[in-house]
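Numbering (our numbering), first residue to last: 268 to 385.
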């Protein structure tokens with residue numbers, strides 16, 4: 268046995284979401300989820316592509332915005348990461364993980380602008 272539970276994607280909450288969401292939301296969620304798989308496999312550019320596709324179907328998907336910003340941050344695309352996080356926070360001001368991510372991005376930007384003395 269591979270240890271992978273084949274029933275996991277069919278858990279009741281996932282099925283309910285598919286049944287009650289429109290096709291755009293379902294596709295947005297599917298691309299976001301596949302992006303997470305790429306991210307976990309350290310396939311960052313494929314992850315960004317999937318998060319971008321997710322946002323084509325639902326531009327207000329704050330999770331996809333956050334996820335794409337996290338990858339952009341890791342790749343040092345700080346300007347792009349900041350734009351995504353600010354948009355996520357505009358849509359959902361109480362998104363605490365996004366607020367923390369913005370702090371990290373702002374810190375990285377300020378350190379990049381002011382190199383440390385040697």
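Beta carbons are placed, not taken as given, at the ideal position from N, Cα and C, and that holds for glycine.
Since this is a predicted model, take the numbers as computed values, not measurements.
Worksheet item: Which class does residue 309 belong to by DSSP, given the choice of helix, strand or coil?
Response: Residue mapping note: residue 309 aligns to position 42 of the chain shown, counting from 1. Note: residue 309 maps to coil in three-state DSSP.
Discussion item. Given this structure, state the Cα-to-Cα distance separating residue 332 from residue 313, to the nearest angstrom.
Written reply: Here the question's residue 332 lines up with position 65 in the chain shown. Here the question's residue 313 lines up with position 46 in the chain shown. A straight-line Cα-Cα distance of about 15 Å links residue 332 and residue 313.
Practice prompt. Scan the segment 291 to 338 and note each continuous alpha helix (DSSP H) run of 4 residues or more that stays entirely inside, going in chain order.
Written response: 311 to 324, all fully within the segment 291 to 338.
Worksheet entry | C-beta atoms of residue 328 and residue 377 nearer than 8 Å | In the chain shown, residue 328 corresponds to position 61, counting from 1. In the chain shown, residue 377 corresponds to position 110, counting from 1. Not in contact: residue 328 and residue 377 (Cβ atoms no closer than 8 Å).
Worksheet entry | Neighbourhood of residue 386 by C-beta distance below 8 Å, restricted to the same chain and skipping five residues each side | As displayed, the chain neither begins before 268 nor continues past 385, which places residue 386 out of reach and without an answer.
Worksheet item: What is the DSSP secondary structure of residue 356, reduced to helix, strand or coil?
Response: In the chain shown, residue 356 corresponds to position 89, counting from 1. Correct three-state label for residue 356: helix.
Worksheet item: Roughly how many angstroms lie between the CA atoms of residue 391 and residue 342, to the nearest whole one?
Response: No statement about residue 391 is possible, as the shown extent of the chain runs from 268 to 385 and does not include it.
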